[in-house]
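**Student:** Submitted below is the structure of interest, expressed as structure tokens.
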Amino acid sequence: MALKERPKPFLLPEYCKGCGRCLDACAKDCITLSDQINPLTGLVPVELDLSNCNACGLCMDACPEPYGLRPAHEGEIEEFELEDPAKLFGVKPSDAPVPVDIPDETLPLPRTEPLVIKGTYASALGALLAGCRHVYGYPITPSTEGAELMAKFLPKLDGTFLQAVSEVAAVNMMYGTAGAGLPTMTFTSSPGFSLMLEGVSYMIGAELPGVFVDVMRGGPGLGNIAPEQSDIKLACHGLGHGNTHAITLAPSTPQEMLDLTMLAFELSFKYRNPVVLLGDGYLGQMTGKVQLPETMIKPGIPKWAVYGDAMHRKNLVSSIFLTESDLEAHNVHLNAKYEAMAVEARAETFLCDDAEVVLIACNTPARTAKGAVQDLRNQGIKAGLFRPITLWPFPVEELKTAIRGAQRIVVVEASAGQLEDEVRLALSKAGVRQFPDIENVRRMGGVLPQQSEIMTRVLGRKEVLA
Amino acid sequence: MSKASVFYDKFERHSHGEGLKGHATHYCPGCGHGLAHKYLAEAIDELGIQDRTVAISPVGCSVFLYYYFDVGNSQAAHGRAPVVALGHKFANPESVVISYQGDGDLASIGLAETVATAQLGAPITVIFINNAIYGMTGGQMAPTTLMGQSSTTSPSGRNEYNGQPMKMAELIAGLDGPIYVERVALYDAKQRIKAKKAIQKAIKLQVEGRGYSFIEVLAECPTHLKMNPEDTEKWVKECMEPVYPLGVKKDVTVDPWFKRNPPCFKGEKILSLAGATSEHPERFCKGFPTHLALNDISLKLAGSGGDGAQTAAMLIARAAINEGFDATHIPSYGPESRGGTSYADVHVAEEEVLNPGSPDPQVLIAFNTPSLVKFGPTVRKGGYVIYDSSVVTEAPVLDPSIKLFPVPFTGIATDLGKAVVKNIVALGALQAATNIFPKDTMLTAIRVALKDKCALIPLNEEAFAWGIKSVEALDR
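If you read the protein sequences in the order shown, they are chains R and F. Per the working numbering: the first sequence = residues 1 to 466. Per the working numbering: the second sequence = residues 1001 to 1476.
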């Protein structure tokens, strides 16, 4: 009597696509192809005649649809025939729990003497102190030292450093770890960053945090390995396809390489968005004084993570929104985040209060410009420096204040005007139409502007006017 | 069989589960994905790992895996699923990560990721659905399209100018990383049983931490083959299978090896790795050396790679910072790491280094003639030039206000038995020539730098002392 205890198959025609696998599976000829098109699906389902059925179950094994051929339970047939298929199943609550944030812990660090370290090393240390234990990368000069440091440090901290097969693979490894809700980063340089942009767009679309330390170098193309501010436009306006943006930080000292790397992790989780840290090649290699902070972070797990445990089972990491209105709503949401990021704008000013000549520069050129400002002041010229620390969002309110009394503006940069374009765009968007002519001191190809060139620019113009 | 509990009771993610979409998949009649999904769901259910599963959905017909499976899911860019899987696996080694891919995703745009991940051998499970065609984009040639098979991009049939079909199971089995590789099919009941068992085994090996598994499933795509489902099954059996023979390609028994400790977040450990200490360095300066500059001294050290210019520059910066000043050191190298030009810009400032470049240094230390010829003329009036008189045989002709210090760095170092300490001789000379810092400041920096190689300290101290003596011996 064991056969009688096994359930016979049951089928709602609306869930049958007529692939016919069950026909071959049935040894008792209980299943035939219908000769009627089902009006709801437009497909031709199979029909069951169970008079000879011995409940072997092979037809159910053969059926590819999860709600196609299924075992019938006592009384099920009568019940279902009376129901509208669209309302056939009520919403049964999932037994997966509702996820909650597991918050970060802030741990104290003892006070230590300043370190004397390179900028790249400082950035790696900042990442470790920010709680990053998963670093992926592919070697590229001049940022490679960051990956090498992590390859040395992370095994000692039971973390993960994986050298990827390419930059494309590296950014997608970050995507996976960020999808699991953990801090992750990479070190790269300009051509490598270009290759990562596909992944950056996906991370922005899927709202995943991550930190990209891009030690910029000469371009376009292979270019060279010398310092150039070659990626400002890429980071501020070119992060792959779509309406993309990311907070972009521009340190100018080894100390800031550490401080801004830690900030980058904080901001990337705050906004669930990648953060880019742009350093020029000199900055990565420059040794300076670096004071460690007095706290470090042990990361938690955010509620949205796909961590691979019961708490997070119902979560999904995806940038797919098939219907136009859904994708528009997602873009509206992302753009609301970008606008919220405006409060993160940061800048440093040096002697700008009464400045008549305002220099604008970031990264190492900002230190060169700072030297020039001091030199100009020593010669009686009222010069000041405005240094954006965030390039995106551009600190335009601070800029407006800095140039309030300016008669001249000079942008100092190691590119063909990428920083100046940000200045002009920010002023334009802020509705500022009247400002002094913007002059520039530019070097390209890996040559950095010299203090003497800045002096010549400022003094030369002065002499002409006099 | 009953529906695996791994499937959602209602497919809310499929157009909000409206109408039939709440309980039917988007797959075409006869598509092989439905069966593969069922076996995957049954394996997850039977292994009891639903809570731990992270499925990676790549681009292709099966991108919407997450409509159906009540498990964690990461949707990946086209071709990137295996490395996204690695990112998840290393983030949470307890997760069970399944990368479910089509042939364009796995064997074309993502081939590098596929091979690199397989060779790495970390325990993830890859299920490869091979239907010999690009389904989602409308029937283009796939890397697995058969010779002679028509597609929208090989309308007259694939020929030798389109290359040969890609045999992924054999390719993956040929690598050392994978431990289990099998090719299965779906065209009849016997093959389906094998497919189900293979998928379950591949996941079980991951759960046990033994290694990477790869299951290739020959699957039907009636829509783009323009056949009915029954004929497509015959086609898979009669046409695909001869090119893609079924069976186990690799199956090695290995002990579980994949064990990852939770990451360490002990601050002391990080500080130790960074070389950070609470010890206050000894200080010997009574104030900033204003006899050289009011608040910022610029130096340049230049030579060939291997002369030790960078190390000497680093020591100057450390010495300055230990005394409570600010300092920077920018190295500059040619593309070669040995033998090419190498110079360093150093700044020492009382409060803050402004411009870290030294285009016109006050102090130049030159280790060879080309460096002296190149940078000598850039030294400021009233500055100092200290050069290796062992290798520079002619005194440079510079502004008379510049003080010259010919010191045989190399000669002294060679006499001491180690030419490599010539840069330390140079530091001694710098100290005596400029009095930038007291002797003990420099010696302390040298000793700290060598604290892990104590046996070398006496030699370096002697080299430093000889540098000083050499300057003192000059007629002045």
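Where is the CB? At the ideal position from N, CA and C, for every residue including glycine.
Helix, strand or coil, according to DSSP, for R:E348 in the structure here?
**Tutor:** Counting from 1 along the first sequence, the entry for residue 348 of chain R is found at position 348. In the three-state reduction of the DSSP assignment, R:E348 falls in the strand class.
**Student:** Could you have a look at F:I1176 and say whether DSSP puts it in helix, strand or coil?
**Tutor:** If you number the second sequence from 1, residue 1176 of chain F lands on position 176. Sequence inspection shows Asp at residue 1176 of chain F; the Ile mentioned does not correspond to that position. Note: F:D1176 maps to coil in three-state DSSP.
**Student:** Please report the distance separating the alpha-carbon of R:F321 from that of R:V211.
**Tutor:** Start at 1 with the first residue of the first sequence, and residue 321 of chain R comes out as number 321. Start at 1 with the first residue of the first sequence, and residue 211 of chain R comes out as number 211. R:F321 and R:V211 have their C-alpha atoms roughly 25 Å apart.
**Student:** If contact means a Cβ-Cβ distance below 7 Å, which residues of the region 1006–1019 of chain F contact chain R?
**Tutor:** F1007, D1009, K1010 and G1019
**Student:** Rounding to the nearest angstrom, what Cα-Cα distance links R:I31 and F:E1012 in this structure?
**Tutor:** Taking the first sequence and counting its residues from 1, the one referred to as residue 31 of chain R is at position 31. Taking the second sequence and counting its residues from 1, the one referred to as residue 1012 of chain F is at position 12. Distance between the alpha carbons of R:I31 and F:E1012 is about 31 Å.
**Student:** Which residues in the same chain as R:P274 place their Cβ atom closer than 8 Å to its Cβ, once the five residues preceding and following it in sequence are excluded?
**Tutor:** As a first step, residue 274 of chain R must be located in the first sequence, where it is residue number 274. Taken in chain order, the residues that qualify are V200, M203, I204, L208, P209, G210, V211, F212, L239, A246 and S268.
**Student:** Just checking my contact of F:P1165 with F:S1108 at CB under 8 Å: how many whole Å lie between their CB atoms?
**Tutor:** Along the second sequence, one-based indexing puts residue 1165 of chain F at 165. Along the second sequence, one-based indexing puts residue 1108 of chain F at 108. The pair is not a contact, with the Cβ atoms about 12 Å apart (cut-off 8 Å).
**Student:** Within the same chain, show all residues whose beta-carbon is closer than 7 Å to that of R:L69, passing over the 5 residues directly before and after it, in chain order.
**Tutor:** Walking along the first sequence from the start, residue 69 of chain R turns up at place 69. The residues are P9, L11, C22, C59, M60 and C63.
**Student:** Hey, could you find the ends of the beta strand (DSSP E) R:R408 is sitting in?
**Tutor:** The residue you call residue 408 of chain R lines up with position 408 of the first sequence. Its beta strand (DSSP E) spans residues R408 to E413.
**Student:** Which residues share a DSSP beta bridge with R:N335?
**Tutor:** Taking the first residue of the first sequence as position 1, residue 335 of chain R is located at position 335. Beta-bridge pairing links R:N335 to no other residue.
**Student:** Give the secondary structure of F:M1147 by DSSP, where H, G and I count as helix, E and B as strand, and everything else as coil.
**Tutor:** Here the question's residue 1147 of chain F lines up with position 147 in the second sequence. F:M1147 falls in the coil class under three-state DSSP.
**Student:** Output the residue ranges of the beta strand (DSSP E) runs that lie fully inside the region 192–239 of chain R and measure 3 residues or longer, sorted by chain position.
**Tutor:** 210–216
**Student:** Look at the Cβ atom of F:I1424, then the Cβ atom of F:G1308, and state whether they are nearer than 9 Å.
**Tutor:** Position 424 of the second sequence, counting from 1, holds the residue named residue 1424 of chain F. Position 308 of the second sequence, counting from 1, holds the residue named residue 1308 of chain F. A contact, by the Cβ cut-off of 9 Å.
**Student:** Would F:E1268 be called buried (16 or more neighbouring beta carbons within 10 Å of its own) or exposed?
**Tutor:** By one-based count along the second sequence, residue 1268 of chain F stands at place 268. Classification of F:E1268: exposed, given that the 10 Å Cβ count is below 16.
**Student:** Grouping DSSP H, G and I as helix and E and B as strand, with all else coil, what is R:T112?
**Tutor:** By one-based count along the first sequence, residue 112 of chain R stands at place 112. In this structure, R:T112 counts as coil in the three-state DSSP scheme.
**Student:** Starting from R:K289, follow the beta strand (DSSP E) in both directions and report where the run begins and ends.
**Tutor:** On the first sequence, residue 289 of chain R is found 289 positions in, with the first residue counted as 1. Note, R:K289: beta strand (DSSP E), T287 to V290.
**Student:** Closest by CA to F:I1155, which one among F:G1138, F:K1167, F:E1170 and F:M1168?
**Tutor:** For this step, residue 1155 of chain F is matched to residue 155 along the second sequence. It is Pro, not Ile, that sits at residue 1155 of chain F in the sequence shown. Checking every option, the nearest Cα to that of F:P1155 belongs to F:G1138.
**Student:** Going by C-alpha distance, which of R:G417, R:P139, R:P302 and R:K17 is nearest R:I232?
**Tutor:** On the first sequence, position 232 is the one that residue 232 of chain R refers to. Checked all of R:G417, R:P139, R:P302 and R:K17; the closest Cα to R:I232 is R:G417.
**Student:** So if I threshold CB-CB distances at 9 Å, which residues from the region 1057–1077 of chain F count as touching chain R?
**Tutor:** S1057, V1063, F1064, Y1066, Y1068, D1070, V1071, G1072, N1073, S1074, Q1075, A1076 and A1077
**Student:** Step through the CB atoms of chain R and report whether any lies within less than 9 Å of the CB of F:V1096.
**Tutor:** Your numbering for residue 1096 of chain F matches position 96 in the second sequence. At least one chain R Cβ lies under 9 Å of F:V1096.
**Student:** Could you list the residues in the region 1422–1452 of chain F with a C-beta less than 7 Å from some C-beta on chain R, going in chain order?
**Tutor:** none
**Student:** Run the CB neighbour count on R:E324, radius 10 Å, all protein chains shown included, and call it buried at 16 or more, exposed below.
**Tutor:** On the first sequence, residue 324 of chain R is found 324 positions in, with the first residue counted as 1. By the 10 Å Cβ count, R:E324 comes out exposed.
**Student:** Any residues in the region 1277–1288 of chain F with a beta carbon nearer than 9 Å to a beta carbon of chain R? Which ones, in chain order?
**Tutor:** T1277, S1278, E1279, H1280 and P1281
**Student:** Going by beta carbon distance, what residues of the same chain come within less than 8 Å of R:L149, once the five residues before and after it are set aside?
**Tutor:** As a working mapping, residue 149 of chain R is identified with position 149 in the first sequence. Cβ within range, chain order: T120, Y121 and A124.
**Student:** By how many angstroms is the C-alpha of R:Y175 removed from the C-alpha of R:V467?
**Tutor:** In the structure as shown, chain R begins at 1 and stops at 466. Residue 467 of chain R is therefore absent and cannot be evaluated.
**Student:** Rounded to whole angstroms, what's the CA-CA distance from R:G90 to F:L1205? Just pull it up for me.
**Tutor:** As a working mapping, residue 90 of chain R is identified with position 90 in the first sequence. As a working mapping, residue 1205 of chain F is identified with position 205 in the second sequence. With a pLDDT of 48 at R:G90, under the threshold of 50, the predicted position of this residue should be treated as unreliable, though the coordinate-derived value follows. A straight line joining the alpha-carbon of R:G90 with that of F:L1205 spans about 37 Å.
**Student:** Could you round the C-beta distance between F:G1383 and F:P1396 to whole angstroms and report it? I think they count as a contact, below 8 Å.
**Tutor:** As a position in the second sequence, residue 1383 of chain F is number 383, starting the count at 1. As a position in the second sequence, residue 1396 of chain F is number 396, starting the count at 1. With 8 Å as the limit, F:G1383 and F:P1396 do not qualify as a contact, their Cβ atoms being about 12 Å apart.
**Student:** Report yes or no: do the region 1321–1331 of chain F and the region 1388–1407 of chain F share at least 3 C-beta pairs separated by less than 8 Å?
**Tutor:** With the cut-off at 8 Å, the region 1321–1331 of chain F and the region 1388–1407 of chain F do not touch.
**Student:** Report the neighbours of R:I204 on chain F: residues whose CB is nearer than 7 Å to its CB, in chain order.
**Tutor:** Taking the first residue of the first sequence as position 1, residue 204 of chain R is located at position 204. Residues of chain F passing the Cβ test: none, with the nearest at roughly 12 Å.
**Student:** When you compare the CB of F:H1023 with every CB in chain R, is at least one pair closer than 9 Å?
**Tutor:** Position 23 of the second sequence, counting from 1, holds the residue named residue 1023 of chain F. True, the Cβ-Cβ gap to chain R drops below 9 Å.
**Student:** Report the rounded CA-to-CA distance for R:E422 versus R:S428, giving the unit in angstroms.
**Tutor:** By 1-based counting over the first sequence, the position of residue 422 of chain R is 422. By 1-based counting over the first sequence, the position of residue 428 of chain R is 428. Taking the straight line from one Cα to the other gives about 10 Å.
**Student:** Taking the C-alpha atoms as reference points, what is the distance between R:L82 and F:G1019?
**Tutor:** Residue 82 of chain R sits at position 82 when you count from the first residue of the first sequence. Residue 1019 of chain F sits at position 19 when you count from the first residue of the second sequence. Caution is warranted here: a pLDDT of 42 is assigned to R:L82, below 50, making its placement in the model unreliable, and the coordinate value is therefore given only provisionally. Their backbone Cα atoms lie some 17 Å apart in a straight line.
**Student:** Hey, out of F:T1434, F:Q1362, F:L1354 and F:P1178, whose CA is closest to F:K1250's CA?
**Tutor:** Position 250 of the second sequence, counting from 1, holds the residue named residue 1250 of chain F. Of the candidates F:T1434, F:Q1362, F:L1354 and F:P1178, the one whose C-alpha sits nearest the C-alpha of F:K1250 is F:P1178.
**Student:** Does the distance from the CB of F:G1079 to the CB of R:T177 come in under 9 Å?
**Tutor:** Stepping through the second sequence from its first residue, residue 1079 of chain F is reached at position 79. Stepping through the first sequence from its first residue, residue 177 of chain R is reached at position 177. Cβ atoms of F:G1079 and R:T177: not closer than 9 Å.
**Student:** Once you ignore the five residues that flank R:S34 on each side, which residues in its own chain have a CB closer than 7 Å to its CB?
**Tutor:** Taking the first residue of the first sequence as 1, we reach residue 34 of chain R at position 34. The answer, listed in chain order, is V44, P45, V46 and E47.
**Student:** Find the residues of chain F that neighbour R:H312, judging by a C-beta separation of less than 7 Å, and give them in chain order.
**Tutor:** For the purposes of this step, residue 312 of chain R is taken as residue 312 along the first sequence, with counting starting at 1. G1072, listed in chain order.
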